[in-house]
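> Using the numbering used here, the letters of the sequence shown correspond one by one to residues 19 to 363. Positions of the beta carbon are idealized from the N, C-alpha and C atoms, including for glycine. Everything numeric in this text was worked out from a predicted model, so none of it was measured.
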Amino acid sequence: MTEISSSPPLVGAPAESAPFVESATTSLGPSVLELTDAEREQVRAVAADLTTATGGTVDSPEWLAAARTATESLPSGLRVRLRAFRHDPGPDGLLLVRNLPVEPDLPATPVRPGSVRRSATVAGASIVAVMLQLGEVIAYRSEKSGALVQDVVPVPGHERQQSNAGSVELHMHTENAFHANRPHYVGLMCVRADPTGDARLCTASVRRALPHLSARSRQALSQERYITEPPPSFGGLDGAAPSHAVLHGSAADPDVTVDFAATHPLDEEARQALTELRLLFQEQAHAHALRPGDLGILDNRLTVHGRTSFSPRFDGTDRWLHRVYAALDGRRTLADSEDGGAVLR
Ligand SMILES: O=C(O)CCC(=O)C(=O)O
Ligand SMILES: [Fe+2]
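1) Assuming D55 is part of the beta strand (DSSP E), what are its boundary residues?
2) Would you list the residues sitting across from T246 in a DSSP beta bridge?
3) I need the DSSP call for G95, collapsed to helix, strand or coil.
4) As a quick exercise: from G73, E187, R62, E154, pick the residue whose alpha carbon is nearest that of R86.
5) Should N199 be counted as a contact of ligand 2 given a C-beta to heavy atom distance under 7 Å?
6) Return yes when the Cβ of P201 is within less than 8 Å of the Cβ of A353, no when it is not.
7) Over what stretch of residues does the beta strand (DSSP E) that includes V50 continue unbroken?
8) According to DSSP, is A353 part of a helix, a strand, or is it coil?
9) Could you give the distance in angstroms between the alpha-carbon of G358 and the alpha-carbon of R135?
10) Is it right to say D333 is buried, meaning 16 or more other beta carbons lie within 10 angstroms of its own, or is it exposed?
11) Between R159, L320, Q60, which has its C-alpha nearest L96's C-alpha?
12) Beta-carbon within less than 8 Å of D273's beta-carbon, same chain only, minus the 5 sequence neighbours each way: which residues are those?
13) May I ask you to report which of helix, strand or coil DSSP gives G334?
14) Does DSSP classify A288 as helix, strand or coil?
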């Protein structure tokens, strides 16, 4: 397997004022795994079998069981790397796996809202198999109809939304920051690149930001002085949202939970600390122009992500990602599961 450098970091203005501006200094070498063509074909064979296994119905428990078994046939170098990432997600909390298989005869990029993959495709089965090496694959009933493999595509009429259907800048966020059982890992796999080249997945990690954060901000961010609103699709605010800390866990190596479009400080000092963190993330963020077969795996405890603005055409040629979530503790997510399965409330 070859290590290759990734996209340059980006340096940007505050979240309110896009655009991001790129500069070329650091590389993400250690966080990138490029599969050889032989390894890609090995993954393709596993995924192709899964397109017909148990009828190829992704969301059925039987298909998921078949996918879980099939993960053992992934290339050993990939499995070793995923296990190592689970142990230590590194300073960027990101693993970019490149050269995964995608179908050669990809249909037009969907344009309808809430588009998902209910039937297994080569790319969809590949991302599920990879994510199952990290944890249990989960989804949310209120999001993309609870499908395990979701499409991330721009949707006409949703351009200005702070959601993955939008095409304005998507502010940095912890995935489902408001949710007690938010995913531990988010997988975003490109099956069609943005034809304009403008759309970039942006990532930044708390491990990089922490040493630059003032002691005062660190303290404020570590206290329950913030609330995070759920999106309207989850029913909005049901009474008062619980206050929470943005930094939590180990003081020396904390987790971060924040959504710069939905997290509100409860006092002025907390607001200043949030601004300091946002600016640090923006200064340090990496921008990734994903290509077909690229899978960005984010540790959702350490890494926030967002997306630059871009200009969709809505003609079937737009950027198209698949998204799959994984959680480490299936016993813990059970409390939010309606039927003991993978779909949470
Ligand atoms: O489009 C992207 O690159 C990221 C979208 C996103 O944040 C998501 O789907 O969770
Ligand atoms: Fe996201």
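Let's see:
1) As a first step, residue 55 must be located in the sequence shown, where it is residue number 37. Here D55 belongs to no beta strand (DSSP E); instead the alpha helix (DSSP H) covers 55-70.
2) For the purposes of this step, residue 246 is taken as residue 228 along the sequence shown, with counting starting at 1. Bridge partners of T246: T281.
3) Translated into the one-based positions of the sequence shown, residue 95 becomes position 77. In the structure shown, G95 sits in a helix (DSSP, three-state: H, G or I).
4) Numbered from 1 along the sequence shown, position 68 holds the residue referred to as residue 86. That would be E154, whose Cα lies nearest to the Cα of R86.
5) Numbered from its first residue, the sequence shown carries residue 199 at position 181. Because no heavy atom of ligand 2 lies under 7 Å away, the Cβ of N199 does not count as near it: no.
6) If you number the sequence shown from 1, residue 353 lands on position 335. If you number the sequence shown from 1, residue 201 lands on position 183. No, the pair does not count as a contact, with Cβ atoms beyond the cut-off.
7) As a first step, residue 50 must be located in the sequence shown, where it is residue number 32. Residues 50-52.
8) Indexing the sequence shown from 1 puts residue 353 at position 335. Helix, per DSSP.
9) Taking the first residue of the sequence shown as position 1, residue 358 is located at position 340. Taking the first residue of the sequence shown as position 1, residue 135 is located at position 117. Approximately 22 Å, taken between the alpha carbons.
10) Taking the first residue of the sequence shown as position 1, residue 333 is located at position 315. Counting other Cβ atoms within 10 Å of its Cβ, D333 stays below 16 and is therefore classed as exposed.
11) Translated into the one-based positions of the sequence shown, residue 96 becomes position 78. Looking at the Cα atoms, Q60 is the closest of the given residues.
12) In the sequence shown, the residue the question calls residue 273 occupies position 255. Closer than 8 Å at Cβ, skipping near neighbours: V224, L265, H266, G267, R319, L320.
13) Taking the sequence shown and counting its residues from 1, the one referred to as residue 334 is at position 316. It is coil, neither helix nor strand.
14) In the sequence shown, the residue the question calls residue 288 occupies position 270. A288 falls in the helix class under three-state DSSP.
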